[in-house]
Amino acid sequence: MSGHCVHVIRVISFLLLFKSSFCLYEDQIGKFDWRQRFIGKLKFSVLDSKSNVKKIFVATEENVVAALSMKTGELTWRQVLEKGPQGEIKFMHADSEVITVSGNGPFIVRGWNLANGYSHFEWNSFNDADEPHENVLWTYHHGKLYKVVMLDSQQVARIISYNVRSGGQLAAYTVNIPGFSRKCKAIGINLVCLSNNGELKGVTVVNSQFFNLDVSAETKGANCDLLSVDSSSDLPVLAIGCKQSKLLVAIKDNTFKALSETVPISAGVSVTQHVSGTHLIVLSKQIDGVIKVNGKVLETDQPVEDIQSSFQSSSPFSDIETSNSLCTLRRDRSVYCQILLSTVDHSIIFAQTSSKIMWTREEALANIISVELVDLPVSDIEAAIEKEFDNKEAPVDIGVPSGFVGMFLRRLTSQLLQLKSLLLTVVSLGESVEKNGLEVDLVRDEFGLHKLIVAVTSVGKLYGIDNLSGNVVWQKYLGEMETYKSIDKPVVSFYVQRTSRHLPYPAQCFILGKHKASDESMVYTFNPINGQPIGDGLHRLGYRAVQSLLLHFVDDQFLKGVLLLDSKGGLHVHPESQTALVSEHAKSIFFFTANSESGLLVGYTLAHSSLEKLVASEVWRIQLSHKITGLMSKSPLERVHSQGRVLGDRSVLYKYINPNLVAVMTQAEDPIHKNVLSIYLIDVVSGSIVFSIVHKRATEPIHLVHSENWIVYTYFSDKSRRTEIGALELYEGKTQSNTSAFSSVASFDSPIVERQAFILPAGIEAMKETITEKGITSKHILVGLNSGGILEIPWMFLDPRRPLGDIREEGVIPYMPELPLPAESIINYNQTLHRVRAIHTAPSGLESTCLVFIYGLDLFYTRVAPSKTFDVLKEDFDYLLITAVLVGLSVAAYATKRLAQRKALKQAWK
Amino acid sequence: MELYIVNFSMVLASFLSFVSSYEINEVIGAPDNYVIEGKVFPPEAVNDNSNWQAETTVLLKGGHQMGFIREDGSFVISNVPSGSYVVEVFNPNYMYEPVRVEINSKGKFRARRVNYIQTSQVIQVPYPLKMKPMSHARYFQVREQWRATDFLFNPMVLMMVLPLLLVMVLPRLMNDPETRKEMEQLNNLAKYDMPEMSEVITTFFATGDKQKQKSIKSAKKSKQGSSNN
Chain X
1 MSGHCVHVIR VISFLLLFKS SFCLYEDQIG KFDWRQRFIG KLKFSVLDSK
51 SNVKKIFVAT EENVVAALSM KTGELTWRQV LEKGPQGEIK FMHADSEVIT
101 VSGNGPFIVR GWNLANGYSH FEWNSFNDAD EPHENVLWTY HHGKLYKVVM
151 LDSQQVARII SYNVRSGGQL AAYTVNIPGF SRKCKAIGIN LVCLSNNGEL
201 KGVTVVNSQF FNLDVSAETK GANCDLLSVD SSSDLPVLAI GCKQSKLLVA
251 IKDNTFKALS ETVPISAGVS VTQHVSGTHL IVLSKQIDGV IKVNGKVLET
301 DQPVEDIQSS FQSSSPFSDI ETSNSLCTLR RDRSVYCQIL LSTVDHSIIF
351 AQTSSKIMWT REEALANIIS VELVDLPVSD IEAAIEKEFD NKEAPVDIGV
401 PSGFVGMFLR RLTSQLLQLK SLLLTVVSLG ESVEKNGLEV DLVRDEFGLH
451 KLIVAVTSVG KLYGIDNLSG NVVWQKYLGE METYKSIDKP VVSFYVQRTS
501 RHLPYPAQCF ILGKHKASDE SMVYTFNPIN GQPIGDGLHR LGYRAVQSLL
551 LHFVDDQFLK GVLLLDSKGG LHVHPESQTA LVSEHAKSIF FFTANSESGL
601 LVGYTLAHSS LEKLVASEVW RIQLSHKITG LMSKSPLERV HSQGRVLGDR
651 SVLYKYINPN LVAVMTQAED PIHKNVLSIY LIDVVSGSIV FSIVHKRATE
701 PIHLVHSENW IVYTYFSDKS RRTEIGALEL YEGKTQSNTS AFSSVASFDS
751 PIVERQAFIL PAGIEAMKET ITEKGITSKH ILVGLNSGGI LEIPWMFLDP
801 RRPLGDIREE GVIPYMPELP LPAESIINYN QTLHRVRAIH TAPSGLESTC
851 LVFIYGLDLF YTRVAPSKTF DVLKEDFDYL LITAVLVGLS VAAYATKRLA
901 QRKALKQAWK
Chain B
1 MELYIVNFSM VLASFLSFVS SYEINEVIGA PDNYVIEGKV FPPEAVNDNS
51 NWQAETTVLL KGGHQMGFIR EDGSFVISNV PSGSYVVEVF NPNYMYEPVR
101 VEINSKGKFR ARRVNYIQTS QVIQVPYPLK MKPMSHARYF QVREQWRATD
151 FLFNPMVLMM VLPLLLVMVL PRLMNDPETR KEMEQLNNLA KYDMPEMSEV
201 ITTFFATGDK QKQKSIKSAK KSKQGSSNN
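First to last, the sequence lines map onto chains X and B. Taking full-length UniProt numbering, I'd label the letters of the first sequence as residues 1 to 910. Taking full-length UniProt numbering, I'd label the letters of the second sequence as residues 1 to 229.
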């Protein structure tokens with residue numbers, strides 16, 4: 001009984017430990033962390049002119065409905081709808097409330113409060129069995145929502161009108177549109193279709209009145225498409241977009257009116273109301289990175305000088321996709337327009353004519369696919385010191401003579417520089433702080449906490465983000481490059497070839513992507529500190545790369561090469577100058593390829609290559625029976641500090657630390673066991689399957705973390721309807737086969753595998769382990785929950801050696817099936833993060849601290865200290881108290897000494 | 001199976017008679033689609049300016065389907081086929097308990113507490129759902145404030161106070177003959193290893209003015225000895 005009691009107390013004390021081991025104080029909000037919220041690429045937008053606080057209502061490709069403040073571009077409110085096609089927004093309208101139609105199949109119609117984003121109403125519209133889900137158009141007019149279902153087979157459009165608030169069906173009828181198949185758009189109250197021979201046909205959905213237009217000859221027959229033009233006026237305008245240009249057509253009084261002039265296809269067009277029943281047409285174009293805006297009166301073709309303006313910013317703009325504008329007349333009869341532009345690189349720009357750009361939003365950041373945290377270069381002064389000690393660079397800085405005189409001179413200059421900077425900091429202590437706030441000082445700090453986040457987005461735009469402030473330092477749009485797809489996710493290969501430690505060489509990064517127009521691969525090599533290209537910059541390779549590999553050795557310029565395998569089995573080294581070096585190391589280079597569809601894994605070696613030619617020869621081949629859905633190797637940065645763990649009987653259980661171990665996940669549908677999840681641990685050098693495990697009725701979401709000698713994976717158990725976490729731990733046994741280095745080739749009995757499963761009472765979106773520089777700090781696992789929180793679970797809680805019975809071991813907590821979810825271990829506190837895609841962890845210069853960058857729809861950066869910050873003084877360290885105590889004690893010591901002396905003297909006289 | 005889009009006031013309908021209080025607006029031929037309804041109650045301390053309705057979301061099947069909250073806290077999740085689902089309410093500042101809602105193939109609803117360990121245990125909760133906040137989410141550690149007790153139990157203070165106590169109280173205790181005996185015994189035990197150390201230190205620090213120190217010490221000792229006796 002008492003033993004049980006002790007047991008309980010131990011559990012409680014561990015829970016307390018769990019709680020207090022890492023959490024923030026309330027006054028630390030925003031001190032180490034920042035969050036940025038995004039909405040994604042613009043799909044629909046309405047500029048609101050009526051309400052007091054002017055807003056822009058937007059709906060985006062990320063299934064987000066939001067209101068942006070017109071003044072600052074910040075989010076007033078945001079509602080994130082369902083993920084994927086289920087939440088895809090098909091239509092948005094805003095006047096007295098925001099109305100959205102989303103979904104794919106049953107459509108969900110929702111109404112939102114303009115001011116704060118509350119839900120007003122929600123109802124469903126189901127399709128009849130014969131109605132396709134894809135070809136449904138929506139439009140709104142005077143409190144009625146019209147649904148237009150295009151029935152291809154019967155060449156008719158079925159129009160259903162609903163009461164927008166209740167969802168009650170008001171009327172349903174069909175209209176015949178023979179010969180007009182897919183190219184239809186619902187614009188205003190009209191359904192407009194473009195036929196293949198260039199004829200435009202419109203029908204009013206309210207009363208099914210038809211009208212026709214034979215479009216001018218130039219658009220006929222060409223591969224033209226119907227585009228709608230954002231229009232905040234009563235005049236519906238559409239565009240017929242062909243290869244180079246587009247023709248604008250207005251609908252007025254149930255007739256089409258083609259406008260005289262064609263505009264380039266990449267120009268943003270919008271139409272707004274103007275004085276006395278006329279309309280303004282605002283065109284915006286990107287020319288050499290500058291946005292040029294001009295406008296004219298639609299009815300008279302008369303240009304409006306007032307709104308002619310051009311905008312530019314520090315980074316060039318890319319082509320405009322959509323535009324939306326709102327023009328108002330000033331008292332002095334001059335016109336000014338507010339223009340909302342969305343560009344092909346997913347940024348949103350809001351500008352005022354004859355003024356400037358009000359704000360821009362980098363919405364590409366809502367779709368980051370790969371991230372690296374790059375060390376910043378040292379400051380100039382430190383660089384000078386480094387130069388002094390680095391003799392190798394002697395030929396680089398010509399002008400300074402070598403020999404001891406030169407050395408002496410260099411020492412003098414660098415010390416003078418140091419003195420100067422010291423004086424400067426002392427003199428302008430207050431000013432420098434202010435200056436730092438304005439312009440980013442990209443210099444490495446002493447603890448390595450200041451880094452640059454280099455992010456690659458799915459649209460092919462690169463960003464350099466300061467990790468302390470969250471400001472974008474540089475951006476670069478690679479228009480020609482697009483991403484590869486792997487297991488339904490966009491991927492690029494992104495490597496750091498050289499860090500900024502190797503002066504005078506700049507840091508270098510490498511991105512491998514796909515050329516947009518062809519099948520070829522593209523490479524961009526750049527300096528991650530400023531985004532500027534290095535060497536060839538962005539270039540095509542001339543072949544399709546199927547596998548890439550960052551090599552583990554550096555050349556004389558400290559550059560790590562990248563090995564590329566092309567689709568024909570040829571090997572290439574990037575940069576090519578490293579080919580000889582690679583053939584030198586060929587014996588130690590192994591790599592493997594995995595085909596996710598066929599489940600085939602093939603391992604190769606370069607051992608058979610000669611000095612002239614690199615040859616990849618197959619070593620092993622594993623055919624897994626199902627589709628590969630996940631593949632996880634260990635982080636190449638990882639270091640394992642302790643080689644084993646001490647057991648209760650003082651013996652050591654050695655860890656099985658195999659750097660070549662890769663966890664491969666396959667998923668299959670099975671008639672009996674439903675969804676079968678298998679995990680294989682494969683040594684990719686020798687090709688041996690070290691261990692495998694099968695879970696039945698395990699479905700998405702599945703996540704896997706692989707580190708040190710353990711693997712943690714999560715799945716949703718269909719059988720018990722809960723999220724389960726499986727943990728595997730591998731041990732060599734009580735003796736270590738090789739104490740100095742691990743060898744995949746040396747014969748070794750299969751490792752001892754400990755396993756355990758836990759229940760997590762929440763859904764999981766992403767998972768990652770913390771990493772520190774030397775691996776001394778204990779590991780925690782960061783779990784992105786569907787609630788929008790990031791939970792930090794100590795590895796201790798997922799330890800497969802947690803004992804079930806009364807057996808106790810040091811540092812092991814008794815097993816409990818359900819893992820706790822304390823609010824204190826939510827590292828992003830109330831800063832909810834939507835749609836977490838991945839968590840990136842990176843070591844800092846401090847062993848205790850791990851830098852964490854979380855991306856998805858929102859970005860969040862923070863740092864965690866899994867074993868508390870044992871290597872720095874706490875930030876609330878009371879310097880005053882310690883000084884006071886020290887001073888007090890020394891005064892007391894001195895005083896008592898005097899007193900004792902006096903007493904001794906008195907006593908001696910007695 | 002037919003779909004019922006239900007339009008019904010939750011507050012007025014009593015729980016027992018809710019089946020009969022359905023008012024069927026419309027029947028659409030889509031099979032096996034139900035609507036889960038409920039109401040999220042605001043945290044009590046909420047002030048009118050707070051935007052808790054917009055911040056709170058209701059997730060079904062871990063976000064596969066979602067419900068959004070109206071001004072009065074009510075929500076609907078539509079297009080739900082029959083099955084068993086966990087309905088979770090998330091607010092950045094308040095914690096809500098999840099509820100498992102089961103819809104059988106006949107369209108009957110049952111709501112029960114979520115128990116991930118004993119998955120078959122049924123503790124029913126009322127349906128339509130009433131989601132009440134469990135607690136304020138405490139994300140932060142409370143910074144320690146200056147308190148007298150903290151000060152007293154501060155190791156530094158203890159270090160100073162305890163010897164003082166020993167000096168003041170122990171001599172009085174010694175007057176009691178029995179405790180004195182015990183203490184002597186203890187002293188003997190302690191002497192076994194303790195005095196060695198002090199001697200080592202005194203010899204180590206012994207310098208030129210050894211004589212003087214010794215004289216002081218002996219004086220002290222003699223004094224102590226007298227008090228002891």
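Built from N, CA and C at the ideal position, the CB exists for glycine as well. Treat the numbers as computed from the prediction; the structure is a model and nothing was measured.
Identity of the residue in the options nearest residue i by Cα
i, options, result
"serine 521/X", "His502/X, Ala545/X, Ile529/X, Ser500/X", "Ala545/X"
"valine 53/X", "Ala115/X, Phe494/X, Lys41/X", "Ala115/X"
"valine 371/X", "Ile839/X, Ala865/X, Lys868/X, Ala250/X", "Ile839/X"
"valine 602/X", "Tyr505/X, Lys43/X, Ser686/X", "Ser686/X"
"tyrosine 116/B", "Leu819/X, Gly277/X, Phe870/X, Pro800/X", "Leu819/X"
"glycine 87/X", "Val109/X, Phe311/X, Lys71/X", "Val109/X"
"cysteine 184/X", "Val164/X, Gly168/X, Val149/X", "Val149/X"
"methionine 816/X", "Arg898/X, Val492/X, Met796/X, Leu833/X", "Met796/X"
"serine 105/B", "Asp32/B, Arg180/B, Glu184/B, Thr203/B", "Asp32/B"
"serine 125/X", "Ser276/X, Glu576/X, Trp112/X, Gly103/X", "Gly103/X"
Unbroken alpha helix (DSSP H) run spanning residue i, endpoints
i, result
"isoleucine 882/X", "879-909"
"valine 582/X", "579-584"
"glutamine 415/X", "403-427"
"alanine 507/X", "Looking at the DSSP string, alanine 507/X is not in any alpha helix (DSSP H), and its letter there is neither H nor E."
"leucine 152/B", "148-152"
"glutamate 55/B", "52-55"
Contact under 8 Å by Cβ, residue i with residue j
i, j, result
"isoleucine 759/X", "glutamate 724/X", "yes"
"valine 101/X", "tryptophan 138/X", "yes"
"valine 80/B", "glycine 67/B", "no"
"asparagine 324/X", "serine 45/X", "yes"
"threonine 272/X", "valine 282/X", "yes"
"glutamate 55/B", "proline 92/B", "yes"
"aspartate 375/X", "threonine 499/X", "yes"
"serine 825/X", "leucine 791/X", "yes"
"threonine 862/X", "phenylalanine 32/X", "yes"
Residue span of the beta strand (DSSP E) that contains residue i, given as start and end
i, result
"methionine 796/X", "No beta strand (DSSP E) contains methionine 796/X, which DSSP labels as neither H nor E."
"threonine 360/X", "357-362"
"valine 753/X", "752-760"
"glutamine 273/X", "268-273"
"methionine 131/B", "129-131"
"histidine 346/X", "Careful: histidine 346/X lies outside any beta strand (DSSP E) and carries neither H nor E."
"glycine 73/X", "No beta strand (DSSP E) holds glycine 73/X; DSSP gives it neither H nor E."
Beta-bridge partners of residue i, as assigned by DSSP
i, result
"isoleucine 368/X", "Thr457/X"
"glycine 295/X", "Val282/X, Val304/X"
"asparagine 176/X", "Val156/X"
"phenylalanine 256/X", "Ile251/X"
Integer Cβ distance of residue i from residue j, believed to fall under 8 Å
i, j, result
"leucine 859/X", "leucine 365/X", "6 Å"
"tyrosine 654/X", "glutamine 643/X", "6 Å"
"proline 636/X", "lysine 779/X", "About 16 Å separates the two Cβ atoms, so there is no contact after all."
"valine 684/X", "asparagine 709/X", "Not a contact, Cβ separation roughly 17 Å."
"arginine 100/B", "valine 86/B", "5 Å"
"valine 175/X", "valine 206/X", "About 12 Å separates the two Cβ atoms, so there is no contact after all."
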